[in-house]
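Down below is the structure, laid out as structure tokens.
Number of protein chains: 4
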Amino acid sequence: MKKDDMIAWFEQGSVSIPKLLFNHYSDLGLDETEFMMLMHLNVFIDSGESFPTPHDLSAKMSVSTTKCMEVLRNLIQKGVLTIEQLDDSSSVISEQYSLKPLWRKLINLLMQENQNEVQQEQEQEEI
Amino acid sequence: MKKDDMIAWFEQGSVSIPKLLFNHYSDLGLDETEFMMLMHLNVFIDSGESFPTPHDLSAKMSVSTTKCMEVLRNLIQKGVLTIEQLDDSSSVISEQYSLKPLWRKLINLLMQENQNEVQQEQEQEEI
Amino acid sequence: MKKDDMIAWFEQGSVSIPKLLFNHYSDLGLDETEFMMLMHLNVFIDSGESFPTPHDLSAKMSVSTTKCMEVLRNLIQKGVLTIEQLDDSSSVISEQYSLKPLWRKLINLLMQENQNEVQQEQEQEEI
Amino acid sequence: MKKDDMIAWFEQGSVSIPKLLFNHYSDLGLDETEFMMLMHLNVFIDSGESFPTPHDLSAKMSVSTTKCMEVLRNLIQKGVLTIEQLDDSSSVISEQYSLKPLWRKLINLLMQENQNEVQQEQEQEEI
């Protein structure tokens, strides 16, 4: 084991996933492949590549490029992923993925859960 | 949105996954469901529950209890998960999952990759 | 470098700090020693030791036990740390540190900032 | 509390610090201000700003710009931080901070610790 390899590994760092999402993605109707694709997209976006191709994603995952295209389509249809159009100063229009809808859905889910709990407590008190 | 909910979310914290593993689990022959099960096991272990049931895992994931049992078996067969027997002072024998074989496989994979690169460089120099 | 050491290091994992707090602790009036003591307390709490002694903290930090006691007092006075009394079934009363007031202050700070921005925008529109 | 604020906070993500470093920075002779400056540098580097000014650092920390300059000098003298010169295709020479020496020192410290333990065990066996 060379020290330089280990240093390179330390420099790579970690991916952080809020436990809130880690514990609730299945409540949002996402399976493990869909969830992991969102996490890979997040890492790409953080590293400055905000519109990775299905090929880029497939290289990190256990699924084929064709399957990646299908999962991306599903994520957009499920309303947890969106493509934003960026209009920069030049006439070039670039696109980027955004996970904003995922966070919004997560917050809505949790607010609803809390509201249900409050409601249940109120109903119990009334009885 | 109540502040107390937000505080509770902050207190939950995050799950950290080394990028080294995040980028190479598919090279270790793991699909997304297998990888996520290992990550859920890791979170259970960290929180002091070192032998969660398939039912516990299923509650966090998108797969059924039966499927969880099957995936756990696969992970042990693939040599990335093991069950350790703990013999404490009392006569009770308890079991716990360990991800040591996963880390060992990851290190082996990376050492081999580096060795291949060195070998290729040496071969190119010889030509 | 032995592989078993590396596996042990992987198993230790990482400490995750929300960027929100990482970028704003100084706005909350905390210096680096105070911030790091809170982070060490958080790690102790997560690992099940919810009332570490100044000696425990000093062992991880660059400050003496006496200085640790002083910093802990300051953190409580600044309203970012509190000691909760736990009354369990037995007659024993145990104590534990809680960082709830830190998260509350952070949320308040950010809500105020956003309100100021909204106010400034409104004032500019009125002009 | 507006949902859009919360989404923005989720998108910011977290800073991950290996527990190995978190638990051993003081063994490397670093105090909390020095350690936090290294962590702030790391976040700047990850976000693509690999040569932040003392002013940039001071804005995130509780220390003045002058003090930041002094701490940066100390870190370089202590051999945990270095400035790398980047020679790109154009004639422009750019500089960037690197934390490689920090990781190297950490690895050395741990290898030494393990060696001492092995030695102690051997000596005890001999007795």
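Residue numbers (the numbering used here), protein chains in the order written: chain A, 1 to 127; chain B, 1001 to 1127; chain C, 2001 to 2127; chain D, 3001 to 3127. All residues carry an ideal CB built from backbone N, CA and C; glycine is no exception. This structure is a prediction, so every number in the text was calculated from the model and none was measured.
Extent of the continuous alpha helix (DSSP H) to which residue i belongs
i	result
Val2092(C)	From DSSP, Val2092(C) is part of no alpha helix (DSSP H); its letter is neither H nor E.
Candidates the options, of which the one nearest residue i by Cα
i	options	result
Cys68(A)	Asp87(A), Gln112(A), Pro52(A) and Leu86(A)	Pro52(A)
Val3043(D)	Phe2022(C), Leu2109(C) and Gln2115(C)	Phe2022(C)
Lys2002(C)	Glu3113(D), Gly3079(D), Glu3123(D) and Gln3120(D)	Glu3113(D)
Ser2026(C)	Gln2122(C), Gln2120(C) and Leu2109(C)	Leu2109(C)
Gln3085(D)	Ser3050(D), Leu3075(D), Met3039(D) and Asp3004(D)	Ser3050(D)
Met3039(D)	Leu3099(D), Trp3009(D), Gln3077(D) and Leu3028(D)	Leu3099(D)
Gly29(A)	Gln77(A), Gln120(A) and Glu121(A)	Gln77(A)
Ser2064(C)	Asp3031(D), Met3061(D), Lys3060(D) and Leu3041(D)	Asp3031(D)
Leu72(A)	Ser62(A), Tyr97(A), Trp103(A) and Met6(A)	Tyr97(A)
His3055(D)	Leu3041(D), Ser3047(D) and Asp3046(D)	Leu3041(D)
Trp2009(C)	Gln1120(B), Ile1045(B), Trp1103(B) and Gln1119(B)	Trp1103(B)
Asn1020(B)	Met1111(B), Met1037(B) and Ser1058(B)	Before going on, a small fix: residue 1020(B) reads as Leu here, not Asn. The shortest C-alpha separation from Leu1020(B) is found at Met1111(B).
Glu3070(D)	Asn3116(D), Pro3018(D) and Met3037(D)	Met3037(D)
Ser1062(B)	His24(A), Thr66(A), Ala59(A) and Ile45(A)	His24(A)
Gln2012(C)	Ser3016(D), Ala3059(D) and Thr3066(D)	Ser3016(D)
Ile2045(C)	Gln2120(C), Lys2105(C), Glu2095(C) and Gln2115(C)	Glu2095(C)
Phe3035(D)	Glu3123(D), Asn3074(D), Val3118(D) and Ile3007(D)	Asn3074(D)
Residue-level contact to chain C via CB, residue i, 9 angstroms cutoff
i	result
Trp3009(D)	yes
Leu3110(D)	yes
Phe3044(D)	no
Ile1107(B)	yes
Asn3116(D)	no
Cβ of residue i within 9 angstroms of any chain B Cβ
i	result
Ser2094(C)	no
Val69(A)	The amino acid at residue 69(A) is misidentified as Val; the sequence shows Met. No, because no Cβ of chain B sits closer than 9 angstroms to the Cβ of Met69(A).
Arg2104(C)	yes
Environment of residue i [buried if 16+ CB atoms lie within 10 Å]
i	result
Thr3129(D)	Outside the shown range of chain D, which is 3001 to 3127, sits residue 3129(D), and nothing can be said about it.
Ile1107(B)	buried
Ser2014(C)	buried
Val3080(D)	buried
Ile1093(B)	exposed
Ile2083(C)	exposed
Ser2091(C)	exposed
Ser3047(D)	exposed
Chain D contact for residue i (CB, 9 angstroms cutoff)
i	result
Met1006(B)	yes
Lys100(A)	yes
Host beta strand (DSSP E) of residue i (start-end)
i	result
Leu2086(C)	Thr2082 to Asp2087
is_contact[residue i, chain A] using C-beta, thresh 9 angstroms
i	result
Lys3003(D)	yes
Gly3079(D)	no
Asp1031(B)	yes
Ser1050(B)	no
Ser1064(B)	no
Which runs of the alpha helix (DSSP H) fall wholly inside the stretch 3004 to 3070 of chain D and span at least 4 residues, in chain order? 3019 to 3022, 3032 to 3046 and 3054 to 3060
Can you list, in chain order, the residues of the stretch 13 to 29 of chain A whose Cβ is nearer than 8 angstroms to any Cβ on chain E? In the structure shown, chain E cannot be found, because the protein chains are A, B, C and D.
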